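Data first, discussion second: the structure below is written as C-alpha cells.
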Amino acid sequence: MSEINTFAQQQNEYIELVAEIMQIRARGEKPLACVRTYGCQQNVADSETIKGMLAMMGYDFTENPEDADFILFNTCAVREHAEDRVFGNVGAIKSIKKKHPSTLIALCGCMMEQEHIVNRIYESFPFVGLVFGTHCLHEFPKLLYKSLTGGKRQFLRGNDDLLVHEGLPKRRDGAFKGWLPIMYGCDNFCSYCIVPYVRGRERSRSSSAILEEARQLINGGYKDITLLGQNVNSYGKGLEEDISFSELLRKIDSIDGDYTLRFMTSHPKDCTHELIDTIAAGRHISTHLHLPFQSGSDRILKLMNRKYTREKYLETVNYAKKKIPEISLTSDIIVGFPGETEEDFKQTLSLVEEVGFTSLFTFIYSKRVGTPAAVMDDPTSDEEKSERFQRLIKLQEKIAAKRCASMVGTVQRVLFEEKAKKDGIINARTSGNIVVEVEADQSVIGSFGEVKITDSGNWILKGRLNNNN
Ligand code: 5AD
Ligand code: SF4
-8 MSEINTFAQQ
2 QNEYIELVAE
12 IMQIRARGEK
22 PLACVRTYGC
32 QQNVADSETI
42 KGMLAMMGYD
52 FTENPEDADF
62 ILFNTCAVRE
72 HAEDRVFGNV
82 GAIKSIKKKH
92 PSTLIALCGC
102 MMEQEHIVNR
112 IYESFPFVGL
122 VFGTHCLHEF
132 PKLLYKSLTG
142 GKRQFLRGND
152 DLLVHEGLPK
162 RRDGAFKGWL
172 PIMYGCDNFC
182 SYCIVPYVRG
192 RERSRSSSAI
202 LEEARQLING
212 GYKDITLLGQ
222 NVNSYGKGLE
232 EDISFSELLR
242 KIDSIDGDYT
252 LRFMTSHPKD
262 CTHELIDTIA
272 AGRHISTHLH
282 LPFQSGSDRI
292 LKLMNRKYTR
302 EKYLETVNYA
312 KKKIPEISLT
322 SDIIVGFPGE
332 TEEDFKQTLS
342 LVEEVGFTSL
352 FTFIYSKRVG
362 TPAAVMDDPT
372 SDEEKSERFQ
382 RLIKLQEKIA
392 AKRCASMVGT
402 VQRVLFEEKA
412 KKDGIINART
422 SGNIVVEVEA
432 DQSVIGSFGE
442 VKITDSGNWI
452 LKGRLNNNN
C-alpha cells in the first residue's frame, strides 16, 4: 500500500525561510538558479517540480551556470555514458565556484541514490555542497535551507520507498506539452537495469490526483499530455481503489478538450488486449505504442528477466496492428547483453524486420554495479558489440525510410511544435510521434492542424498545410 504525504504541510516553513534569506542576499534582485537535466522524462518531470519549489523560494532561472547563485544537475544512472557526462560537467564547473565562492553547487537524481557514486562525489568534488537522491525530492526546501545556513555540506539518500508525495509545485518547461507522472519506481528488476535500485518500489498516484492534474493541464491549454511511469501497464498495483491502467486511460480520455494523450513506458509482459482496445476506441489517445522488447532472443530475454517471449511480444504487436492499422510502434533495444551470441543478435534483427518499427532507441549494454547482469560472463568484445550495433542501425534506417515513404500522400493531424532550424519551417508531430517539417507561419505553434505529406526522409516527413489551416 502506498501512503500519501502532503508536501505543503512539511516544507512551507522552509520555503518561507529560504525566501527570506534570498531577499536579504539579493537586495531586490531575484537570485538565479541554473537547473540542468540528464536522462529520461521522469527526470524532466522531477526538474519541473524542483523548479516549482525554487520559484516559490524566490528564484528566477538562467541557462548559464556562470550567472547562477544556485547550480543543480539532475542526474541519470541508466548507462555509464550518462554518468561520465555528469562527472565531466561537474568537474568543469569547479572554476565557477572559484570565481564566485557563494554559488551553491548541488547534484540530485538517480546517480545520487548510489552509495559508490555519492562517496566519490564526497571525496573528489569538495565544492559540491548539496547532494540528494530521488527519494528526497520533497525535502529539497529543507535541504537547501540547511545548506544556506548551516555551513556544512548536505548529503541525503532516501528510503521512504512507499510514499507518494502530492501537492508539490511545478514550473513546467513547455506551454502546450506537459508531463504527467502517474506512478513512481519499478518492481521488475530486469537484470541489466539500475532503475529499481535508484527509484525504489513501484507506487501509483491515486486516480483522483491524476485526473485533477490532467484537467488542470487541459484547461490550461496543454495539447500534448504524456502519462509517465517506468511501467505504466502495472498502474494501480497497491492502491486501495481497484483500477487498471486501461481504466485510468479511459477516465482521462473522457475529459473533453482539444488534446492528445500519450503514455510511456509500456512493458510487453503487461500490455493487454484491453489496453490496445482502449487505444483503438480512444478519442484523444495517440496511435503510438512504445513497447521496448530489448532482445529478439528468448534465451537473452530470460537472462534479462523480462518475463515474456518473442512469441508473446509478436502476438501483442500483431493484435495492435490488426486493431489499429495505422499504429506507430517504437521500441528500446539493448545490443551486447552479457553472453549475447551472433545467433541471438540475428534474432533481434529478424524481430526488427518482422515488426517494422517507426523508430528505435538502441543502446549498447552498459554494466551497472549492483545489478545481476554485472556479474554475468561477457565474452563478446567491444568491437563486436559496436559492429552489431551498426548493423542494427543500418537495418532500422532502411525500415524507417520505407515506413515514412508509405505515408507520402496521406493527410495527417499534427501538433505544430517549434521553429525548425531552416527558415520558414515549423516542426510538427503526428499522432504516431513522427516529426513533419511544414512550411508555415510561426503563429501555428501550439495548435493542431492538418498537413498533407509530400515527401519523406529516413526519420522525418515533409508536408504542406492542408486547405483550412
Ligand atoms: N545498458 C544499456 N541500456 C540500458 N537500458 C537500461 N539499462 C541499460 C543498461 N544497463 C535501456 C533499456 C531501457 C532504456 C530506458 O534504457 O533499453 O528500456
Ligand atoms: Fe528498468 Fe526493466 Fe524497470 Fe524498465 S521495467 S525501469 S528496464 S527494471
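Each residue of the sequence shown is one higher than the one before, starting from -8 at the first, in this note's numbering.
We put the beta carbon where it would ideally sit given N, CA and C, even for glycine.
Treat the numbers as computed from the prediction; the structure is a model and nothing was measured.
Item: Between the CA atoms of cysteine 181 and threonine 371 - distance to the nearest angstrom; Value: 20 Å
Item: Alpha helix (DSSP H) segment containing methionine 255, residue limits; Value: Counting along the chain, methionine 255 falls outside any alpha helix (DSSP H), though it belongs to the beta strand (DSSP E) covering 251 to 255.
Item: Valine 399 in three-state terms, based on DSSP; Value: coil
Item: Neighbourhood of asparagine 460 by C-beta distance below 6 Å, restricted to the same chain and skipping five residues each side; Value: Low confidence applies here, because asparagine 460 scores a pLDDT of 45, under 50, leaving its location unreliable; read the following figure in that light. Contacts found: Gly440.
Item: Alpha-carbon spacing of aspartate 368 relative to leucine 292, whole angstroms; Value: 16 Å
Item: Integer Cβ distance of tyrosine 29 from phenylalanine 64, believed to fall under 8 Å; Value: 7 Å
Item: Valine 109 Cβ short of 7 Å to ligand 1 heavy atom set; Value: no
Item: Short Cβ contact (8 Å threshold) for threonine 269 with aspartate 215; Value: no
Item: Aspartate 373 Cβ short of 7 Å to ligand 1 heavy atom set; Value: no
Item: DSSP-derived helix/strand/coil call for valine 109; Value: helix
Item: Alanine 166 - DSSP class collapsed to helix/strand/coil; Value: coil
Item: Isoleucine 324 in three-state terms, based on DSSP; Value: strand
Item: Closer than 6 Å to ligand 1: residues, by C-beta to nearest heavy atom, in chain order; Value: Val69, Arg70, Tyr183, Cys184, Pro283, Gln285, Asp323, Ile325, Phe354, Tyr356, Ser357, Arg359
Item: Valine 186: CB within 7 Å of a non-hydrogen atom of ligand 2; Value: yes
Item: Whole beta strand (DSSP E) elements within the region 23 to 47, 3-residue minimum; Value: 23 to 28
Item: Within 8 Å, strictly: CB atoms of serine 422 and arginine 404; Value: yes
Item: Counterpart residues of glycine 100 in DSSP-defined beta bridges; Value: Thr66
Item: Identity of the residue in Ala272, Val109, Thr300 nearest lysine 260 by Cα; Value: Thr300
Item: C-alpha distance - arginine 196 paired with isoleucine 173, whole-angstrom precision; Value: 6 Å
Item: Where the beta strand (DSSP E) through aspartate 60 begins and ends; Value: Element bounds for aspartate 60: n/a, residue is neither H nor E.
Item: C-alpha gap between serine 357 and asparagine 210, whole angstroms; Value: 42 Å
Item: Sufficient close CB pairs (3 or more, under 8 Å) joining the region 278 to 289 to the region 339 to 358; Value: yes
Item: Cβ neighbour criterion (16 or more within 10 Å) applied to glycine 220; Value: buried
Item: Glutamine 14, DSSP secondary structure in three states; Value: helix
Item: Helix, strand or coil at asparagine 460 according to DSSP, with G and I counted as helix; Value: Confidence is the limiting factor: at asparagine 460 the pLDDT is only 45, short of 50, which leaves the residue's position unreliable, though a coordinate-based value still follows. Reduced to three states, the DSSP call for asparagine 460 is coil.
Item: DSSP bridge partner residues for lysine 443 (one or two, in chain order); Value: Val402, Arg455
Item: Where methionine -8 falls, given that 16 or more other Cβ within 10 Å makes a residue buried; Value: Legend: pLDDT at methionine -8 = 46, less than 50; position of this residue unreliable, value from coordinates given subsequently. Exposed is the call here.
Item: Proximity below 8 Å, CB of valine 122 to CB of methionine 103; Value: yes
Item: Between the CA atoms of arginine 206 and valine 223 - distance to the nearest angstrom; Value: 19 Å
Item: Any non-hydrogen atom of ligand 2 closer than 7 Å to histidine 258 Cβ; Value: yes
Item: Inter-residue Cα distance where the pair is leucine 239 and histidine 264; Value: 15 Å
Item: Distance, lysine 385 Cα to glutamate 465 Cα; Value: In this structure the chain extends from -8 to 460, so residue 465 is not present and cannot be described.
Item: According to DSSP, residues forming a beta bridge with proline 172; Value: Leu219
Item: Cβ-Cβ distance between proline 187 and tyrosine 5 below 8 Å; Value: no
Item: Reduced DSSP secondary structure (H/G/I, E/B, other) of leucine 202; Value: helix
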